[in-house]
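For the sequence shown, the numbering used here puts the final residue at 818, and the numbers step up evenly by one.
Yeah, the Cβ is synthetic: ideal placement off N, Cα and C, and Gly gets one too.
Because the structure is a prediction, the values reported are computed rather than measured.
The structure appears right after this line, and notes come after that.
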Amino acid sequence: MDFKDIVGQEKVIHFLKGSITNKRIAHAYIFEGAKGVGKAEMAMVFAKAVQCKNYDGDVCDQCASCLKVNTNNHPDIKIIEPEGKSIKNKQIEDFQQDLLRRPYESDKKIYIIKDANSMTDSAQNRLLKTLEEPPEYAVIILISTNVNSFLPTIKSRCQILKFYPIGEKTIEDILKNKYDLQTDEAKVLAAFSDGILGKALRLKESEEFRNKREETIQVMEKLLKKDPLVAFELVEFFQKNKDNIYEILDFMLFWFRDILLLSQTSTDKFLINIDKKEILQKHMHAIGYNKIGNIINTIEKTKNDIKANINFQLVIEMMLLTIQEV
Ligand SMILES: [Zn+2]
């Protein structure tokens with residue numbers, strides 16, 4: 493992997509490349525961004541680039557150093573990961589011992605600390621000592637979903653680089669071109685990815701995601717039959733999926749938005765659930781154009797009510813009855 497394999501994050505790439513070219517590599521970085529947005533991959537490519545013997549705007553992928561990185565075998569690049577749920581004081585202690593030894597075969601010794609926001613307070617305090625007086629060859633990259641989980645004294649000693657979602661269209665293209673998915677499947681996954689490639693790839697492998705989507709479509713099918721007794725039975729489905737409730741509600745939102753779109757335009761180009769077009773059309777006829785907006789508002793309100801901790805069962809019952817009534 494090299495810089496040109498990374499999609500998006502142009503600002504971060506530009507900054508990191510510049511720091512290598514200008515020989516202004518910082519002692520410590522925080523890579524911050526959502527899970528799956530590519531922070532750890534970037535850290536690895538940056539480490540590879542710093543160590544590359546022929547670096548020329550990107551890694552050469554041929555020198556002894558690059559080959560060692562490719563087989564996870566570079567003695568001067570180390571990865572620290574949580575043991576159990578957190579990174580413990582002892583792990584940072586071991587890291588500090590290791591850091592005392594100079595690099596084996598390069599000018600820099602690079603440590604990538606994954607899930608760095610899982611460091612215990614005592615681990616953070618210990619790390620701080622290193623950040624205050626790092627050896628000149630040390631490069632430490634903290635990977636984190638939330639920069640505010642670090643002590644201010646740690647933050648102030650790190651170069652903070654933020655990673656952003658790359659957008660659904662880009663993800664759809666990557667899924668099609670790089671992972672050979674059909675347009676229909678790529679569209680669905682991209683829509684649920686929040687613009688995060690890692691999430692799209694996770695969903696791609698997730699049987700559970702596919703099953704939940706099918707189940708939710710069946711629930712909507714039953715709901716639109718307008719039997720009020722059914723509405724109460726369906727509450728159970730939402731109770732059972734309480735932990736994934738936002739995902740379920742998003743399935744529903746995207747579903748009814750598709751119906752709205754279908755009723756307004758003759759093209760299906762923008763449908764998310766394009767693989768279910770026939771069911772969408774059937775539902776569109778069952779609901780009637782002027783009521784779809786109401787349903788969408790109701791689902792959005794339900795999301796907000798759940799966020800505001802209003803009684804779960806009550807909120808769901810209200811939503812189901814409202815959808816049935818419209
Ligand atoms: Zn190289």
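Using 8 Å as the cut-off, classify the Cβ of residue i as near or not near the heavy atoms of ligand 1, replying yes or no.
i	result
S557	yes
K600	no
K545	yes
V542	no
V773	Reading off the sequence shown, one finds Gln at residue 773, where the question assumed Val. Not under cutoff, so the answer is no.
V807	no
V537	no
D797	no
V551	yes
Q472	Because the chain spans 493 through 818 in this model, residue 472 falls outside it and cannot be assessed.
Q554	yes
Does DSSP put residue i in a helix, in a strand, or in coil?
i	result
E664	helix
I658	coil
Q651	strand
T790	helix
E625	coil
V551	coil
I796	The displayed chain sequence assigns Asn, not Ile, to residue 796. N796: helix per DSSP, three-state reduction.
I751	helix
I498	coil
N565	coil
N640	helix
F684	coil
T814	helix
V515	A small fix is needed here, since residue 515 is Lys in this sequence, not Val. If DSSP states are grouped into helix, strand and coil, K515 belongs with coil.
E699	helix
N820	In the structure as shown, the chain begins at 493 and stops at 818. Residue 820 is therefore absent and cannot be evaluated.
Y781	helix
Q487	The first residue shown for the chain is 493 and the last is 818, placing residue 487 beyond what the model contains.
G530	coil
L716	coil
I802	coil
K670	coil
L763	coil
M493	coil
S557	helix
Y596	coil
What does DSSP give as the partner residues of residue i in its beta bridges?
i	result
M611	I579
Y603	K570, I632
F523	I635, L653
Does the separation of the CB atoms of residue i and residue j fall below 9 Å?
i	j	result
L745	I788	yes
K496	D550	yes
Y671	K691	no
I584	R618	yes
F804	Q731	yes
T637	N609	yes
I517	K600	yes
K531	I635	yes
I740	T790	no
L623	L508	no
Y656	Q501	yes
C555	N564	no
Q651	A520	yes
E713	I771	yes
T794	M776	no
S578	H566	no
Is residue i near ligand 2, going by C-beta to nearest heavy atom under 8 Å?
i	result
C650	Looking for ligand 2 in the displayed structure turns up nothing; the ligands present are ligand 1.
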